[in-house]
Amino acid sequence: MYNIKSLLFVFLSIAIVSCSGDSDNEEPATTKPSNLSIIENVAGVDNENPNGDGSGIVNFTINATNATSYKVLINNETLDLTENTFSYTFTKKGTNDHTIIVSAYNASGFTSTTSTFKVYVNDVLALVWQDEFDQDGAPNGSNWGYNIGNGDNGWGNSESEYYTNRLDNAKVENGLLKITAKKESYEGFQYTSARLLSQDKFEFTYGRVDVKAKLPAGGGLWPAIWMLGANINTVGWPTCGEIDIMEYVGNNPGHISSALHTASSSGATVNYKANTITNETTEFHIYSMVWTEESITFLLDDVEYYTYNPSTKNNQTWPFTDKQFIILNVAVGGNLGGTIDPDFATSTMEIDYVRVYQ
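Residues -20 to -1, 1 to 338 (mature numbering (1 follows the signal peptide of the UniProt record, and there is no 0)) make up the sequence shown, in order.
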């Protein structure tokens, strides 16, 4: 939560600079603005909905004597206004307190006030993106692209596979996406697999992800359902933020894990929790993540088991204010996958659907 006194200080400083900057071009008023007030009209308020209809829309009216313009600080956003009415849409789900700081000014000075009010935003999530994998053949190119090759140092993890876009490694069949890791000689490597990603095709901020999947079996396999910040190409990793919805290690059956990688905790992250699971390679389970402005929660079959909610949220601990994209892959070996079973030949991660709600 932001500190209102601190924000008010910064906001008033901005107002002072703005006033002084305009003073050369305006005839000074006799007195600075007075009788300042702000009226909030939350859309849809009635006896049954005292905090609004769920749209998050609030219409504001500023009243002030002798004001020529206004500055408004709302939801960490500054608005410069010449009219005394405006509308704002809040997006934080549920019923929440919001504070608005208003400064009315003219060439002679300014005056400010604050107001706090409640707004309800519909917290029923709607399905906004999905892949049901109902068309046989290559994965839907409108939804998925590929990483190809072995990356830099095995994608930064000393992985042993070469990722391809061949149907041998990624295909849709009988309503399932099948990502197959194979032992074979290919492009100088001894293993192949696939890594699909929604980068530049579907990227989002906040929401719930559900992935119904059956995991591959085999020592050295490392399947994952995860996300990366869409700004990775400009800010790099881990500054972009990484959300590991589910990782599984074939050498450690009966366990999955979830983790967050940030500038404050990358590599051997402390923002991590393992969870037990049964029949993960023979039955489908639903792996989920709920991402809000305040926290990220992980679920297995709709049961919560880990929430990340740092008390201090900044660029180091909480890069999760920007868009992310989804990644599905099966790695072979690597820092987490570990020793590869010499008898391993092939194994497949099957995915029934990927669904995103907001």
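Glycine included, C-beta positions come from ideal geometry on N, C-alpha and C.
Does the Cβ of residue i have 16 or more other Cβ atoms within 10 Å, making it buried, or fewer, making it exposed?
i, result
"S138", "exposed"
"V283", "exposed"
"T319", "exposed"
"P322", "exposed"
"H241", "buried"
"G105", "A small correction: the amino acid at residue 105 is Leu; Gly does not occupy that position in the sequence shown. Classification for L105: exposed."
"T10", "exposed"
"D111", "buried"
"D190", "buried"
"N133", "exposed"
"K151", "buried"
"D180", "exposed"
"Q115", "exposed"
"L107", "exposed"
"K12", "buried"
"D77", "exposed"
"K73", "buried"
"I128", "exposed"
"T144", "buried"
"S238", "buried"
"D224", "buried"
Tell me whether residue i sits in a helix, a strand or coil according to DSSP, three-state version.
i, result
"L177", "strand"
"N76", "strand"
"V(-11)", "For V(-11), the predicted structure reports a pLDDT of 48, less than 50, and the residue's modelled location is therefore unreliable. A value from the coordinates is still provided. The answer is helix: DSSP assigns V(-11) an H, G or I state."
"L316", "helix"
"G247", "coil"
"S136", "Reading off the sequence, residue 136 comes out as Gly, not Ser. G136 falls in the helix class under three-state DSSP."
"G117", "strand"
"I306", "strand"
"A311", "strand"
"V336", "strand"
"K(-16)", "Note that K(-16) scores 49 on pLDDT, short of 50, meaning its location in the model is unreliable; the coordinates nonetheless yield the value given after this. In this structure, K(-16) counts as helix in the three-state DSSP scheme."
"I257", "coil"
"E274", "coil"
"D282", "coil"
"T96", "strand"
"F90", "strand"
"A239", "strand"
"L107", "strand"
"T328", "strand"
Contact check, residue i vs residue j under 8 Å by CB: the rounded distance?
i, j, result
"M329", "V310", "5 Å"
"Y100", "T75", "5 Å"
"N123", "F184", "Actually they are not in contact, since the Cβ atoms of N123 and F184 sit about 13 Å apart, beyond 8 Å."
"E57", "Y186", "The pair is not a contact, with the Cβ atoms about 17 Å apart (cut-off 8 Å)."
"F66", "F40", "6 Å"
Discussion item. Extract the residue ranges of the beta strand (DSSP E) inside the stretch 27 to 67, only unbroken runs of 3 or more that lie entirely within it.
Written reply: 37 to 45, 49 to 54, 57 to 61
Fill in: Contact between the stretch 162 to 173 and the stretch 122 to 140 (3+ Cβ pairs under 8 Å)
yes
Discussion item. Contact between the stretch 292 to 300 and the stretch 158 to 167 is defined here as three or more beta-carbon pairs at a separation below 8 Å; is this criterion met?
Written reply: no
Worksheet item: When the Cβ atoms of the stretch 22 to 32 are set against those of the stretch 77 to 91, are three or more pairs found closer than 8 Å?
Response: no
Item to complete: Starting from the N-terminal side, write out each stretch of the alpha helix (DSSP H) that is 4 residues or longer and does not extend beyond the stretch 149 to 234.
Response: 212 to 215
Practice prompt. Take every Cβ of the stretch 228 to 243, pair it with every Cβ of the stretch 191 to 208, and state whether three or more of those distances are shorter than 8 Å.
Written response: yes
Worksheet entry | Inter-stretch contact at 8 Å, needing at least 3 Cβ pairs: the stretch 16 to 26 / the stretch 40 to 54 | yes
Worksheet entry | Touching by the beta-carbon criterion (3+ pairs, under 8 Å), the stretch 270 to 288 and the stretch 249 to 260 | yes
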